[in-house]
Every structure is written in structure tokens, then in C-alpha cells.
Amino acid sequence: MSKPRVATCSLAGCFGCHMSLLDIDDRILELVKVIDFDRSPLVDYKSFTGRCAVGLVEGGCANEENVRVLQDFREHCDVLVSLGECAIMGGIPAMRNLVSTEECLREAYLDGPSVHNPDGVMPRSVELPLLLDKVRPCHEVVRVDYYLPGCPPSADTIWAAVTALVSGGEVELPYQLIKYD
Ligand code: SF4
Numbered sequence: 001m002s003k004p005r006v007a008t009c010s011l012a013g014c015f016g017c018h019m020s021l022l023d024i025d026d027r028i029l030e031l032v033k034v035i036d037f038d039r040s041p042l043v044d045y046k047s048f049t050g051r052c053a054v055g056l057v058e059g060g061c062a063n064e065e066n067v068r069v070l071q072d073f074r075e076h077c078d079v080l081v082s083l084g085e086c087a088i089m090g091g092i093p094a095m096r097n098l099v100s101t102e103e104c105l106r107e108a109y110l111d112g113p114s115v116h117n118p119d120g121v122m123p124r125s126v127e128l129p130l131l132l133d134k135v136r137p138c139h140e141v142v143r144v145d146y147y148l149p150g151c152p153p154s155a156d157t158i159w160a161a162v163t164a165l166v167s168g169g170e171v172e173l174p175y176q177l178i179k180y181d
């Protein structure tokens, strides 16, 4: 019998949530006995190879490529999980929502105190994905089934959620896994 497939991606995130996933340490050997990874930076698959039981999404949507990837995850995954604060609320990248995109780019490339850009060049290649006007949490772009809070969620939280989901159970997180003091 084929194993359930799990996909992961990082949109506008820092990969800290993926690092936390890897912090399950040697339990990853138990995990790969019961699941196969599909599209994920963990196995370097760049596109889906089939239907996935679970998709873990780190980061919100800051540009058009993030939106396309997230829609692809929604299309291919039975259960979609917003993993961490950036996916749930936009996180640090969403701090740019306080100013216009133009103002943000000027600060980053022209006016910032540590910027050295004597020619005043702004990145405008067609190969760069267009920025959205605001950084959006995942649930504002597609339907999301579960939210795992934390920056990042702990390895034990991710373990508890993923093992429950791939076995078809409900995610029940004890208080110790969702308290942050
Ligand atoms: S939630 Fe925290 S650890 Fe996860 S991507 Fe955002 S900043 Fe990084």
C-alpha cells in the first residue's frame, strides 16, 4: 500500500519553520516509514508528483510566485496547514504593509542608512516575481485547514500535528505545545 505523501514549501518565510521540522531529529526516520515526502525543499522536488495528504506551508504571500505556489499546494493537498506566524499572519515580512511598496523599495535600495547604491539602480528584471501591494497570510489567498502557531512552531508541535494528520486523525495539541511564555 502506498504511503501518504507530505509536501512542504517556504513562501515569504525564513526557513526557520523548516528548521523546526528538522528538529524532530531522529524521529524523521520514523516519519519516513509512514510517509513519503513530495514537493519539498527537504527532498528537492520542485513540483508535485502526485496527490498529497498534507501540505505544510511556511511563510505568507509577498509576491506573485508565492501566490502561484500556494494555489498549487491547495490544488494538490487534501489538508493544507499554515505553519508558523508568517503563514498565519504575515509575520516579519508583513511589517512592510505599513508603508507603500514604492516606499519600501526606496528604503531597501536607495534611502536606507546601510545602502551603497551610487547609481540608484532598482531591481526591475522580468525574471523577478512582482511584489504584491501587501504581504498576505495564506488564508487570504486560499482555504487553509489548520494553523500551527509559533515562530517557529516547536518540533514537538509539528510532530504531533503531522503524525495525527497522516494517520487520518484530528490534531489535538496539549497546552504545553501551544504556550509561548
Ligand atoms: S514563523 Fe518565524 S521561523 Fe517561521 S518562517 Fe516566519 S519568521 Fe521564520
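Counted from 1, the sequence shown has number 154 at position 154 by this note's numbering; the numbering is strictly sequential.
Note that beta-carbon positions come from the ideal geometry of N, C-alpha and C, so glycine has one too.
As the structure is a prediction and not an experimental result, all values here were calculated from the model.
Can you give the Cα-Cα distance for K179 and Y147, rounded to whole angstroms? 14 Å
Over what stretch of residues does the beta strand (DSSP E) that includes L56 continue unbroken? C52 to E58
Since F37 sits in a beta bridge, which residues does DSSP pair it with? V6
What three-state label does DSSP hand D78 in the structure shown? strand
For the 8 Å Cβ check, are there 3 or more pairs between the stretch 80 to 97 and the stretch 33 to 40? no
Give me, in chain order, the residues of the same chain whose beta-carbon lies closer than 7 Å to that of V166; leave out the 5 immediate sequence neighbours on both sides. P4, V6, V34, I35, A53 and V54
Take the Cβ of G91 as the centre, count every other Cβ of all protein chains shown within 10 Å, and call the residue buried at 16 or more, exposed below. buried
Inter-residue spacing [alpha-carbon to alpha-carbon] between E85 and M1: 35 Å
Cutoff 7 Å; reference E170; Cβ partners in own chain excluding five residues on either side: A164
For a quick check, are the C-beta atoms of L105 and N63 less than 9 Å apart? no
Which one of P118, R74 and M122 has the shortest CA to CA distance from L144? It is worth fixing the name first, because residue 144 is Val in this sequence and not Leu. Taking only the C-alpha atoms, the option nearest V144 is R74.
Any heavy atom of the ligand SF4 closer than 8 Å to the Cβ of L83? yes
Does the Cβ of P113 lie closer than 8 Å to at least one heavy atom of the ligand SF4? no
Taking 8 Å as the cut-off, is the beta-carbon of I92 closer than that to any non-hydrogen atom of the ligand SF4? yes
Relative to the C-alpha of S154, which candidate in M95, S40 and G16 has its C-alpha closest? G16
Which complete alpha helix (DSSP H) runs does the stretch 81 to 112 hold, if anything under 4 residues is left out? 85 to 89 and 101 to 106
Collapsed DSSP secondary structure at V69 in the structure displayed: helix
Nearest neighbour of L133, chosen from Y45, Q71 and N97 [CA to CA]: Before going further, note that residue 133 is Asp rather than Leu in the sequence given. The shortest Cα separation from D133 among Y45, Q71 and N97 belongs to N97.
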